[in-house]
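This note's numbering numbers the first residue of the sequence shown as 26 and each following residue consecutively. Here's the structure we're looking at; comments come further down.
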Amino acid sequence: MYSCVLQASVSDIAKHASKHALDTYQHEMVESLRQLVKYNTVAVDGVLSTDNPVHQAFKRELAAQAKQLGLDYTDHGYVVIVGYGTGEERVGMIAHGDVQPVDPKKWAKSPFELDLTTEPGKLLGRGTEDDKAPISNALYAMKTIKDLNIQLKKRIELYVYMAEESDWQPLRDYIKDHSLPQINITLDSEYPVVTAEKGYGTISMTFPDKVIQSKALYLREFSGGFFGSQIPEDAQAVLANASATVVKELQQRAKTQQGMKYSFQRKNDDLVITALGKAAHSSKPEYGVNAITHLASLLDIKRWPNNAGGSLVNFINDNLGIALYGENFGQIAYQDDFMGPMSVQPTVLKKTNTGMELNINIRRPRGKTELQLQSEIEQVFTQWQQQNKVNLHNKKIELTDPFVQTGAPQIPTLLGVFSHYTGIENAQPISIGGGTNSRLFPNAVSFGPAMPGKEYTGHSEHEFITMEQFLLNLQMYTAVLVDLAK
Ligand SMILES: [Zn+2]
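Next up, the structure:
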């Protein structure tokens, strides 16, 4: 459908502004990011962003930076707007100030201290790529336009939303009673231009506890995962009554898996297996190694007796395996030519009062209705429960629709700027697996901050943006704002 989207050429004034930004603001922009990263703006369960002291402190920092740069700042609670210029016609940039949870043990320095030294050339820290670096970029792009006193026909507004990772309802509420810019770019995804996003979904169910008292081999426990939108890198299993032969067999099997590290430890009569894979954003499972599915697959040496852990592992091996796209999950797998395949990945296990809850994250392209998918998933539940004599509790299927942008007049400008600054010719719109809040804004498409085909590190335990990319983004955002607002 986007077989040939034309590119607009970059104006001289945009090129000039972009160079000025690069020559002038490299150092200050790093300092801006350093301050923004300090705040652990993760959502706290049960606490509104507007009552969260860390969120308030982050916003005070943002307000101070805006003021110092001569930009205007309006606090609407969950939504903060930093703006420059006047006019009914507006160009919007959309970013978010909240971050995902983090495990500090996995970082060389504190994830809330911008780390420029551990890996030279990289700015490491929670929220660097997702989504605080783009906020600093946007501030200095606006500052540059102000410095050069470039005459604009449109006002520029940066929207910083404080709950993108946890709750979109406050943003929907805001949008109901406020007018938004007529065209928007979301700075929370990748280049060249994202015009389609998969729909987000969660399939969850609880495997009931059952006490097993036996001298034979069984699975005492199975646990793993961290949060819903992260491909998990940790998982653990505890086996009761594992013989030396079984241990040897498992160790042999472990060697055949790529990208996984295992440790085997005897604890009294139990065998504890600890699995380490690689975390990634759950919309990009190709970049991770899922510790839960790999450990389950390692344990696929027998049919496990049906306590919570045993039936859970049986279920994963029957319906998921280590496949990424739901190929083994009944009939659910499908794909779209432009948007790619649906991904189907277990991400987090939670202990509940009655058993073990499995959460499977899915990202779906257009091509199937919610109803069809729902009924295909239910079929798997029904069949598997019958065959295994397990009664799954709390079965839930939550699906959102994919988003496809068909308008957006700014696309030729964005593609032109991208090609000019990266040297990548004939760039064309793409589709991604992640979901941004683009869909809530008129004529919105995503533009950066990550390069296509490069590993996306947001949501991982190794989040960074390279200095090169940070500066390239400054140049591209500056040029785009000039050409869209002038
Ligand atoms: Zn984000």
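We treat Cβ as the ideally placed atom computed from N, Cα and C, and that holds for glycine. Only a predicted model underlies this, so the values are computations on that prediction, with no experimental measurement involved.
Going by other Cβ atoms of all chains shown within 10 Å of its Cβ, with 16 needed for buried, is residue i buried or exposed?
{"i": "Glu450", "result": "exposed"}
{"i": "Thr143", "result": "exposed"}
{"i": "Gly448", "result": "exposed"}
{"i": "Ile347", "result": "buried"}
{"i": "Glu311", "result": "exposed"}
{"i": "Asn344", "result": "buried"}
{"i": "Asn462", "result": "buried"}
{"i": "Arg291", "result": "exposed"}
{"i": "Asp508", "result": "buried"}
{"i": "Ala510", "result": "buried"}
{"i": "Pro371", "result": "buried"}
{"i": "Gly110", "result": "buried"}
{"i": "Asp294", "result": "exposed"}
{"i": "His203", "result": "exposed"}
{"i": "Gln494", "result": "buried"}
{"i": "Asp213", "result": "buried"}
{"i": "Pro145", "result": "exposed"}
{"i": "His80", "result": "buried"}
{"i": "Glu182", "result": "buried"}
{"i": "Asp31", "result": "Asp is not the amino acid found at residue 31; the sequence shown has Leu there. Exposed is the call here."}
{"i": "Gly432", "result": "exposed"}
{"i": "Ala241", "result": "exposed"}
{"i": "Ala267", "result": "buried"}
{"i": "Asn339", "result": "buried"}
{"i": "Lys235", "result": "exposed"}
{"i": "Gly334", "result": "buried"}
{"i": "Gln90", "result": "buried"}
{"i": "Met26", "result": "Here the model assigns Met26 a pLDDT of 45, short of 50, so the residue's position is not dependable, and the following value carries that caveat. It is exposed - the Cβ of Met26 has fewer than 16 other Cβ atoms within 10 Å."}
Which one or two residues does DSSP pair with residue i in a beta bridge?
{"i": "Asp156", "result": "In DSSP, Asp156 forms no bridge with anything."}
{"i": "Gly250", "result": "Val373"}
{"i": "Ser229", "result": "Asn384 and Lys421"}
{"i": "Phe289", "result": "Ile298"}
{"i": "Thr142", "result": "Per DSSP, none; premise fails for Thr142."}
{"i": "Thr491", "result": "Lys147"}
{"i": "Gln255", "result": "His306"}
{"i": "Asp97", "result": "Gly108"}
{"i": "Met118", "result": "Leu183 and Ile210"}
{"i": "Val67", "result": "Val124"}
{"i": "Arg389", "result": "Gly224"}
Since I believe residue j is in contact with residue i (beta carbons under 8 Å), could you give me their beta-carbon distance rounded to a whole number of angstroms?
{"i": "Gly122", "j": "Val185", "result": "5 Å"}
{"i": "His484", "j": "His306", "result": "4 Å"}
{"i": "Gly95", "j": "Arg180", "result": "Not a contact, Cβ separation roughly 14 Å."}
{"i": "Pro217", "j": "Leu440", "result": "6 Å"}
{"i": "Lys134", "j": "Asp140", "result": "4 Å"}
{"i": "Glu488", "j": "Leu58", "result": "About 12 Å separates the two Cβ atoms, so there is no contact after all."}
{"i": "Leu387", "j": "Val369", "result": "Sequence inspection shows Ile at residue 387; the Leu mentioned does not correspond to that position. Yes, they are in contact, since the Cβ atoms of Ile387 and Val369 sit about 5 Å apart, within 8 Å."}
{"i": "Ala300", "j": "Tyr287", "result": "6 Å"}
{"i": "Ile298", "j": "Gln261", "result": "7 Å"}
{"i": "Ile243", "j": "Val104", "result": "One detail in the question is off: residue 243 reads as Tyr in this sequence, not Ile. Rounded, the Cβ-Cβ distance is 52 Å, inconsistent with contact."}
{"i": "Leu506", "j": "Asn162", "result": "Not a contact, Cβ separation roughly 10 Å."}
{"i": "Lys420", "j": "Phe443", "result": "Their Cβ separation, rounded to whole angstroms, is 44 Å, which puts Lys420 and Phe443 out of contact at 8 Å."}
{"i": "Gln430", "j": "Ala221", "result": "7 Å"}
Give the secondary structure of residue i by DSSP, where H, G and I count as helix, E and B as strand, and everything else as coil.
{"i": "Leu244", "result": "strand"}
{"i": "Arg278", "result": "helix"}
{"i": "His484", "result": "coil"}
{"i": "Pro136", "result": "coil"}
{"i": "Gln81", "result": "helix"}
{"i": "Arg59", "result": "helix"}
{"i": "Glu222", "result": "strand"}
{"i": "His306", "result": "strand"}
{"i": "Val105", "result": "strand"}
{"i": "Asp508", "result": "helix"}
{"i": "Ile237", "result": "coil"}
{"i": "Gln261", "result": "strand"}
{"i": "Val72", "result": "coil"}
{"i": "Val314", "result": "strand"}
{"i": "Leu324", "result": "coil"}
{"i": "Ser268", "result": "coil"}
{"i": "Lys479", "result": "coil"}
{"i": "Thr503", "result": "helix"}
{"i": "Thr49", "result": "helix"}
{"i": "Ser161", "result": "helix"}
{"i": "Tyr27", "result": "Because the pLDDT at Tyr27 is just 47, under 50, the model does not fix this residue reliably, and the point stays unresolved."}
{"i": "Ser36", "result": "coil"}
(message) I'd like the ranges of any beta strand (DSSP E) spanning at least 3 consecutive residues and lying wholly in the region 401–476.
(response) 418–424, 455–457 and 469–471
(request) Taking only runs that begin and end inside the region 331–384, name each unbroken alpha helix (DSSP H) of 4 or more residues, in chain order. (result) 333–344
(request) Pick out the complete alpha helix (DSSP H) segments inside the region 168–215, 4 residues or longer, and give them in chain order. (result) 194–201
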